[in-house]
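Chains as they are written, first to last, in this note's numbering: chain A, -3 to 292; chain B, 790 to 952. A short worksheet on the structure shown next.
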Amino acid sequence: MTSYGFFLGCMIPLRLQNFEASVRRVLPTFNIELLTLNGAGCCPDPIGIQSLDQKTWFSLGARNIAIAEEMGHDMLTLCNGCFETLKTTNHVLIHEPTLKDEVNGILSQINREFKGNIKVRHIVEILFEDIGVEKIREVVTHPLSDLKVAVHYGCHLVRPSEILAFDDPERPQSIDLLVEALSATSIPYLKKMECCGTGIRSIDMDSALKMTRQKLIEMKRVRADCITTVCPFCFIQFDVGQFQIQKNFNEEYNIPVLYYMELLGLAMGLQPKELGLDMHRIKTKKLLERLFGSQG
Amino acid sequence: MPEYFEELIKRCYQCGTCTGACPSAKITGTFNPRKIIAYMLLGSTDKMVSDDVIWLCTACHACVERCPELVYPSEVLFQLKNVATSKGKFPVGFKEEAIQIYTTGTTVALSSPIERRRKKLELPEFPAVNVDEIQKIMELTGIDKKLEFNGSNLKKQEEEEKQ
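Shown next as structure tokens:
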């Protein structure tokens, strides 16, 4: 049994409960125990809060890490944004003692201390590096054969590579291999590693949607059956974004978006309802019927 | 602008690889990291700090991966935005997000519909966030003053709403 300080963040438990449900139902199969990080809050957001004030960003991030340190466990994140924030904070504070002292000066006022003695992990790292593609293939009871998946990694899983140090920043393959372990096909498409646009959603919605649309055009061109992401922000940008694009551009894509853990859950024979698939904006019903027949 | 970054950008020879890699540059037509760094090299950092265009970086870090001179353009952008914030110039959306974090510790507030959805999926109760600690940190870093929101008023409001 491997135990992790389970960093929920805020978008997943408060908005995309389907993400959390799939993780909680799938991980016990791989002997992973999820421990509550008491008192943890927003990671905080690597774009908004970091843009406003890096010292606040580092200090709030260091507080979350300190909670996991007190428990003596590595941290598990389910979101690219939380991963970027917490892994960068961990890395920078470990390597820059002056900044670490400054942040610890702030944390001492709430009786906490950042030590820098645990790791921050993304769920994809755990699946790909620790569990491995072979073991994942072994738990598949409902192969997703003939399913063409457009994999969207999301920037903050792999960039900046100097800090995140997972897979290749421009030509990654971890999620493609994880998709293929479920007997599905990861279909190549242009602009695969381009940003979904969510980072400027609150600044310039029109441009953010144009970025999403560019990718959707390419995914449709290769006739993807669904998109898979490992980040709640990318998920919303594609799922809710398709409705906004329909309104603004009068174009319909209707490509379901699935969190990778949902795909894995389905391939393990879990029911769509217990994975929260009915919470998606782009309906997954037709896709499930095609995969598993009418009771799906 | 921290001195470290003033030195860092001196490595830039204006090849434009950053802008070529930039998804925001392609779509917005106005955001151009090479040009922003050019202005800074020419001593016009202040002009850039007050320009709304700097907030159009999506922080995808494609520029960081490709810059041959290791200038870390998206990181330079973060520094510019931090300076802008300390001078009272920031997008309202980001301010609202900071206020939300100050108030509840999260970017989305827990509500009864959310609790019902969690229950329906048989998820455990959302663990309580230690909001006091988060507020204390945000007051110590001074982000509340930079963003011109009054923490004690917000706390009072929150108390009144609870009653």
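Using N, Cα and C, we set each Cβ at its ideal position, and we do this for glycine too. Just so we're clear, the structure is a prediction, and the values are computed from it rather than from any experiment.
Is it true that the CB of residue j sits closer than 9 Å to the CB of residue i?
i        : j        : result
ILE223/A : HIS152/A : no
ILE106/A : GLU947/B : no
PHE144/A : ALA263/A : Residue identity differs from the one stated: residue 144/A is Lys in this sequence, not Phe. For LYS144/A and ALA263/A, no; Cβs fall outside 9 Å.
SER303/A : LEU174/A : Any answer about residue 303/A is impossible in this case: the structure gives chain A only from -3 up to 292.
LEU103/A : ALA161/A : no
LEU186/A : THR225/A : no
PHE26/A  : LYS115/A : no
TYR249/A : MET201/A : no
SER170/A : GLU176/A : no
PHE54/A  : LEU95/A  : yes
MET257/A : ILE119/A : yes
SER875/B : PRO822/B : no
ASP97/A  : THR930/B : no
GLY5/A   : ALA64/A  : no
ALA848/B : LEU866/B : yes
ARG20/A  : ASP70/A  : no
LYS51/A  : VAL99/A  : yes
VAL920/B : THR896/B : no
MET67/A  : ILE28/A  : no
PHE3/A   : ASN86/A  : no
ILE843/B : ALA873/B : yes
Would you tell me roughly how many angstroms separate the C-alpha atoms of residue i and residue j, rounded to the nearest one?
i        : j        : result
LEU212/A : GLN242/A : 12 Å
SER141/A : GLU885/B : 45 Å
PRO9/A   : ARG907/B : 8 Å
GLU190/A : ASN113/A : 34 Å
ARG11/A  : ILE278/A : 16 Å
TYR828/B : MET7/A   : 37 Å
ALA180/A : ARG133/A : 11 Å
VAL838/B : THR208/A : 28 Å
GLU92/A  : ALA62/A  : 17 Å
LEU56/A  : GLN889/B : 14 Å
LEU859/B : LYS909/B : 49 Å
GLU166/A : HIS850/B : 11 Å
GLU121/A : ILE196/A : 27 Å
ILE816/B : ALA146/A : 22 Å
TYR861/B : PHE938/B : 32 Å
SER901/B : LEU30/A  : 25 Å
ARG800/B : ILE903/B : 50 Å
GLU928/B : ILE825/B : 32 Å
ARG905/B : GLN267/A : 20 Å
GLU16/A  : LEU283/A : 21 Å
GLY292/A : THR834/B : Residue placement at GLY292/A is poorly supported in this model, since its pLDDT is 45, which falls under 50; the coordinates still yield a value, given next. When rounded, the distance between both Cα atoms is 58 Å.
HIS138/A : PRO228/A : 25 Å
LYS206/A : PRO916/B : 37 Å
LYS925/B : CYS39/A  : 16 Å
ASP841/B : GLN13/A  : 35 Å
SER203/A : SER941/B : 37 Å
ASP163/A : LYS945/B : 47 Å
Return helix, strand or coil for residue i, following the three-state DSSP convention.
i        : result
TYR861/B : coil
PHE3/A   : strand
VAL136/A : coil
THR94/A  : helix
MET189/A : coil
GLY292/A : Bear in mind that the predicted position of GLY292/A carries a pLDDT of just 45, short of 50, making it too unreliable to give a figure here.
MET275/A : helix
GLY940/B : helix
ASN821/B : coil
ASP202/A : helix
LEU266/A : coil
LYS878/B : coil
LEU830/B : helix
LYS870/B : helix
ALA62/A  : helix
ARG155/A : coil
In the DSSP assignment, what residue or residues form a beta bridge with residue i?
i        : result
ILE223/A : ALA146/A, VAL253/A
GLU29/A  : SER(-1)/A
VAL918/B : GLY35/A
SER182/A : VAL145/A
MET71/A  : GLY1/A, VAL116/A
Under 8 Å, with one C-beta from each stretch per pair, do the region 29 to 37 of chain A and the region 73 to 93 of chain A reach the 3-pair mark? Verdict: no, contact absent.
Give a yes or no on contact between the region 43 to 54 of chain A and the region 230 to 241 of chain A, applying the rule of three or more CB pairs nearer than 8 Å. No: the two stretches stay apart, fewer than three of their Cβ pairs being nearer than 8 Å.
Taking three-plus beta-carbon pairs below 8 Å as touching, is the region 61 to 76 of chain A in contact with the region 876 to 885 of chain B? Result no; under three Cβ-Cβ pairs closer than 8 Å.
Check whether the region 809 to 820 of chain B touches the region 267 to 283 of chain A, counting contact only when three or more Cβ pairs, one atom from each stretch, lie closer than 8 Å. Touching, no, given that fewer than three Cβ pairs across the two stretches are closer than 8 Å.
Does the count of Cβ pairs from the region 800 to 809 of chain B and the region 853 to 860 of chain B closer than 8 Å reach three? Proximity of the region 800 to 809 of chain B to the region 853 to 860 of chain B meets the contact definition, three or more beta-carbon pairs being nearer than 8 Å.
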